[in-house]
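So the protein sequences, as listed, match chains A and B. Note that the numbering used here has the first sequence beginning at 794, numbered continuously upward. Note that the numbering used here has the second sequence beginning at 794, numbered continuously upward. Each residue gets a CB set at the ideal place from its N, CA and C atoms; glycine is no exception.
Number of protein chains: 2
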Amino acid sequence: MSNIFPFRCQVKLARLHAMNLILLHNDDFFTEDRVKLTDRRRQHLLSTQQVEVGKRLRVGKLNGKLGEGLVTRIDAESLELRIELTQHPPPPLAVTLLLALPRPKMLKRILQSISSLGVKQLYLINSYRVEKSFWGSPLLRAEKLDEQLLLGLEQARDTILPHVHLRQRFKPFVEDELPDLAKDTRALVAHPVAEPGEAFQPGESITLAIGPEGGFIPYEIEKLQECGFTAISLGERILRVETAVPVLLSRMMAD
Amino acid sequence: MSNIFPFRCQVKLARLHAMNLILLHNDDFFTEDRVKLTDRRRQHLLSTQQVEVGKRLRVGKLNGKLGEGLVTRIDAESLELRIELTQHPPPPLAVTLLLALPRPKMLKRILQSISSLGVKQLYLINSYRVEKSFWGSPLLRAEKLDEQLLLGLEQARDTILPHVHLRQRFKPFVEDELPDLAKDTRALVAHPVAEPGEAFQPGESITLAIGPEGGFIPYEIEKLQECGFTAISLGERILRVETAVPVLLSRMMAD
């Protein structure tokens, strides 16, 4: 296949991560409204989108506003844009998510999906059923986490980078930190054996805890309940974490 | 890591696909209520679950009922169970899903997730933005599709195998087949530029069309609208197909 359509395949492969927004960093700006791109973003614009001088692109400033970029110059090393930022990014999801650390391969996809869905506070927490070795994954380095989160922002046309907090000890986290975190929010823990049918008020502030594959153990559920959490279920079906996350967040969107 | 805990790692890796249910096929039965397992299911039960004679397991008959299996015999090649099937599988999702054929790597995960969520009718359809080569993927062979769908059933403790229909030509499908398919259902197409806020009646019969990365083209949206489809949006955020599928299906679940 790649012998027959080498160019087309390259183009399509680059699309694996849709860049629906060009995210700009402070370092990209060489004047107040002009940026120079030299990295994968330039590469993407030239090879996948066949961008030329005069083309207008959707851009956003990391942790800032959205707007338009006009391509003013393309040379062998860089691509320059004149930028006008006028719109606010889409509203965040009012959900603080506590997620038992998933296996690294799955975490990658979950980070992208969480970021694209608008979660801004993610606590990766320990649980009895989290394999200890997961905490040693290189993916947990800040710059590696950000890489996945940025892909989610580019996908969803958002600019606000989520915060990821690593909490490798369950008990101190739940006892010392969680009460303040969950205060004045609806605190929910997804648990297969809970009663189904809990309804959320769309848009209300929620703290949502999702366990590992196999679920939180009874002790952990008890600790969360002591902290004011209510157990909710998705019904008879047991879902993989990467499916349960969007299914649960979907019900918490204000739309 | 695998040098330090070789056994533990093997156990955990096997858990990548949770077998929350042992699915039994007709061929497994050597009397009306006794089965003999010799394949990956036996392997899984022995190595991951350390099953012994006398243990009771959750089982289900493919396209049949759920119940319990009592381990009656384990030898070098097989594991025997006495079976009692008493419960109905979880109710299906009343959604016929039309999905523009995703790239094979993503399709695998989407098949598992769709199957675990209870979809029973899936049409993989063509669209202008579906790369032609995807239709040549070996994953589209019936036994390969079933493999992924079975993993989803085992995950969600369901027994009813979804039907997958391949429709490689968009126009004849929409003109000749879709009108009957969508008749007496709420017909919806997910489209980023539609008005948001369409509410579903939980549990009503739905035909849902989801486009490829990049969306259906205007001609395709028009053809679907001619066939009675209403365009719905998930708001400002553009989601990857594998995230959009559970987000949309979540809103169509009965509870």
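Residue j and residue i - do their beta-carbons sit closer together than 9 Å?
i	j	result
residue 957 of chain B	residue 942 of chain B	yes
residue 959 of chain A	residue 1036 of chain B	no
residue 846 of chain A	residue 866 of chain A	yes
residue 855 of chain A	residue 813 of chain A	no
residue 859 of chain B	residue 878 of chain B	yes
residue 921 of chain B	residue 1013 of chain B	yes
residue 951 of chain A	residue 882 of chain A	yes
residue 862 of chain A	residue 815 of chain A	yes
residue 897 of chain A	residue 930 of chain A	yes
residue 1005 of chain B	residue 912 of chain B	no
residue 1021 of chain B	residue 972 of chain B	yes
residue 1003 of chain A	residue 1034 of chain A	yes
residue 811 of chain B	residue 1031 of chain A	yes
residue 1026 of chain B	residue 984 of chain B	yes
residue 830 of chain A	residue 871 of chain A	yes
residue 1136 of chain B	residue 1000 of chain B	Any answer about residue 1136 of chain B is impossible in this case: the structure gives chain B only from 794 up to 1048.
residue 817 of chain B	residue 852 of chain B	yes
residue 890 of chain A	residue 914 of chain A	yes
residue 928 of chain B	residue 961 of chain B	yes
residue 857 of chain B	residue 1046 of chain A	no
Can you tell me whether DSSP reads residue i as helix, strand or coil?
i	result
residue 916 of chain A	strand
residue 794 of chain A	With a pLDDT of 32 at residue 794 of chain A, under the threshold of 50, the modelled position of that residue is not reliable, and the figure given next carries that caveat. Note: residue 794 of chain A maps to coil in three-state DSSP.
residue 1002 of chain B	strand
residue 808 of chain B	Low local confidence applies: a pLDDT of 45 at residue 808 of chain B is under 50, so the model's placement there is unreliable, with the coordinate-based value given in what follows. Coil, per DSSP.
residue 1040 of chain A	helix
residue 848 of chain B	coil
residue 954 of chain A	coil
residue 803 of chain B	Any reading at residue 803 of chain B must be qualified, since the residue scores a pLDDT of 34, below 50, and its modelled position is unreliable; the value itself is stated next. The answer is helix: DSSP assigns residue 803 of chain B an H, G or I state.
residue 1050 of chain B	Because chain B in this structure spans residues 794 to 1048, residue 1050 of chain B falls outside the shown range and cannot be described.
residue 853 of chain A	strand
residue 833 of chain B	helix
residue 880 of chain B	strand
residue 823 of chain B	strand
residue 1046 of chain B	coil
residue 1026 of chain B	strand
residue 873 of chain A	strand
residue 814 of chain A	coil
residue 1015 of chain A	helix
residue 861 of chain B	strand
residue 967 of chain A	helix
residue 867 of chain B	strand
residue 979 of chain B	strand
Quick one: list the residues of chain B neighbouring residue i, beta-carbon separation under 7 Å, in chain order.
i	result
residue 849 of chain A	None at all; the shortest Cβ gap to chain B is about 18 Å.
Rounded C-beta distance between residue i and residue j? I'm assuming under 8 Å.
i	j	result
residue 1009 of chain A	residue 1038 of chain A	Not confirmed; about 15 Å, so no contact.
residue 946 of chain A	residue 908 of chain A	6 Å
residue 874 of chain B	residue 850 of chain B	7 Å
residue 905 of chain A	residue 836 of chain A	Their Cβ separation, rounded to whole angstroms, is 20 Å, which puts residue 905 of chain A and residue 836 of chain A out of contact at 8 Å.
residue 1042 of chain B	residue 888 of chain B	6 Å
Can you pull the chain A residues whose beta carbon is under 7 Å from the beta carbon of residue i, in chain order?
i	result
residue 911 of chain B	1030
residue 1044 of chain B	1043
residue 840 of chain B	Within chain A, no residue comes near residue 840 of chain B; the closest Cβ sits about 16 Å away, beyond 7 Å.
**Study point:** the stretch 913 to 934 of chain B: positions lying closer than 7 Å to chain A by Cβ
**Key:** 924, 926
Review point. What residues from the stretch 1016 to 1040 of chain A come within 7 Å of chain B, judged by C-beta to C-beta, listed N to C?
Key: 1028, 1029, 1030, 1031, 1032, 1033, 1036, 1039, 1040
**Study point:** Under 9 Å (Cβ pairs) to chain B, residues found in the stretch 946 to 959 of chain A
**Key:** 948, 949, 950, 951
Point to revise | Residues from the stretch 864 to 884 of chain A in contact with chain B, defined by Cβ distance under 7 Å | key: 883
Review point. Going along the stretch 823 to 837 of chain A in order, which residues come within less than 7 Å of chain B, judged by CB to CB distance?
Key: none
Check your understanding: Just by C-beta distance, which residues in the stretch 998 to 1009 of chain B are closer than 8 Å to chain A?
Key -> 1006, 1007
Check your understanding: Just by C-beta distance, which residues in the stretch 812 to 823 of chain B are closer than 8 Å to chain A?
Key -> 813
**Study point:** Interface positions of the stretch 881 to 906 of chain A facing chain B (Cβ-Cβ less than 7 Å), listed along the chain
**Key:** 883, 906
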